Amino acid sequence: MRVIAGEFGGRRLKAVPGMKTRPTTDKVKESMFNIIGPYFDGGNVLDLFGGSGGLSIEAVSRGADSATLIDRQYQAIKTINENIALTKAKDRFRVIKGDTNKVILALAKEAQKFDYVFLDPPYKEQQIVKLLQQIDQLRLLNPEALIICETDQMAKLPEDLTGYTFLKHTDYGITELTFYRYQGVD
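For the sequence shown, the UniProt record's numbering begins at 1 and goes up steadily by one.
Written as structure tokens, this is what we have:
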């Protein structure tokens with residue numbers, strides 16, 4: 001795994017040891033960023049299942065202002081922090097160990113707002129629609145925020161989702177990417 005482009009481009013990232021985390025392949029990550037825009041003009045990232053931190057590090061490398069990464073596994077948090085250290089820009093990242101559902105409640109109390117959300121949960125525990133509804137209710141997103149979901153073929157995410165506009169669905173073998181834009185509430 002590596003950072004593909006931008007400020008931290010070419011840096012090798014560590015994978016989380018063990019079988020509990022499945023890293024996004026460089027091919028899928030490159031395609032993902034080609035779809036959402038190769039470079040960003042600021043914005044804040046929320047990575048709900050941080051894993052190795054590769055997606056958030058890539059986003060910040062490509063111009064996002066900051067990233068908040070959440071994961072509940074000790075090994076993932078350790079790996080995320082090691083990978084962030086490689087960027088030499090630790091102040092642009094916030095790493096939180098905890099259950100995603102509980103952490104987003106705390107972020108809402110802080111009045112955090114995000115422009116990009118990465119949802120790459122363990123394939124066996126996909127509750128993406130429920131999480132997106134909760135994020136909408138908590139008002140964690142800025143208008144027009146981009147939502148990027150990485151799933152397996154069994155997830156079958158809907159095209160019709162209250163508060164969100166479906167943008168695109170792409171298939172990469174067993175991995176599928178689904179993109180939404182947040183429309184917000186009136």
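Beta carbons are placed, not taken as given, at the ideal position from N, Cα and C, and that holds for glycine.
All values reported here derive from a predicted model rather than from experimental measurement.
Could you compute how far the alpha carbon of residue i sits from the alpha carbon of residue j?
{"i": "L146", "j": "G18", "result": "30 Å"}
{"i": "D115", "j": "N142", "result": "6 Å"}
{"i": "T165", "j": "T178", "result": "11 Å"}
{"i": "G98", "j": "I104", "result": "10 Å"}
{"i": "N81", "j": "E58", "result": "14 Å"}
{"i": "N101", "j": "I4", "result": "30 Å"}
{"i": "S31", "j": "R92", "result": "24 Å"}
{"i": "K109", "j": "I135", "result": "12 Å"}
{"i": "D26", "j": "Q73", "result": "22 Å"}
{"i": "K168", "j": "K156", "result": "13 Å"}
{"i": "G184", "j": "K130", "result": "16 Å"}
Mind checking who residue i pairs with in its DSSP beta bridge?
{"i": "L177", "result": "E150, T170"}
{"i": "V117", "result": "L46, I147"}
{"i": "K97", "result": "D71"}
{"i": "T162", "result": "Paired residues: none, contrary to the question."}
Would residue i be called buried (16 or more neighbouring beta carbons within 10 Å of its own) or exposed?
{"i": "residue 193", "result": "Missing from the structure shown is residue 193; the chain here goes from 1 to 186 and no further."}
{"i": "R62", "result": "buried"}
{"i": "G173", "result": "exposed"}
{"i": "T175", "result": "buried"}
{"i": "T68", "result": "buried"}
{"i": "D71", "result": "buried"}
If contacts are defined as beta-carbon pairs under 8 Å, then residue i and residue j qualify, I think. What distance do you get, rounded to the angstrom?
{"i": "D65", "j": "S56", "result": "In fact, because the Cβ distance is near 12 Å, the residues do not count as touching under 8 Å."}
{"i": "K29", "j": "G51", "result": "Not confirmed; about 12 Å, so no contact."}
{"i": "V60", "j": "I77", "result": "Rounded, the Cβ-Cβ distance is 17 Å, inconsistent with contact."}
{"i": "T79", "j": "V16", "result": "5 Å"}
{"i": "E144", "j": "Y180", "result": "Wrong, their Cβ atoms sit about 11 Å apart, outside the cutoff."}
{"i": "D120", "j": "F49", "result": "5 Å"}
Name the residue from the options whose alpha carbon lies nearest to the alpha carbon of residue i.
{"i": "G24", "options": "G163, L157, T151, Q133", "result": "The displayed chain sequence assigns Thr, not Gly, to residue 24. Comparing Cα positions, the closest option is T151."}
{"i": "M154", "options": "G9, L69, I128, Q134", "result": "I128"}
{"i": "F33", "options": "Y182, G6, Q183, K88", "result": "G6"}
{"i": "A85", "options": "R181, R11, E176, G42", "result": "R11"}
{"i": "Q112", "options": "L132, L119, R139", "result": "R139"}
Examine the ligand SAH and report whether any of its heavy atoms sits within less than 7 Å of the Cβ of residue i.
{"i": "L141", "result": "As presented, the structure is devoid of all ligands, the ligand SAH included, so that no description of it is given."}
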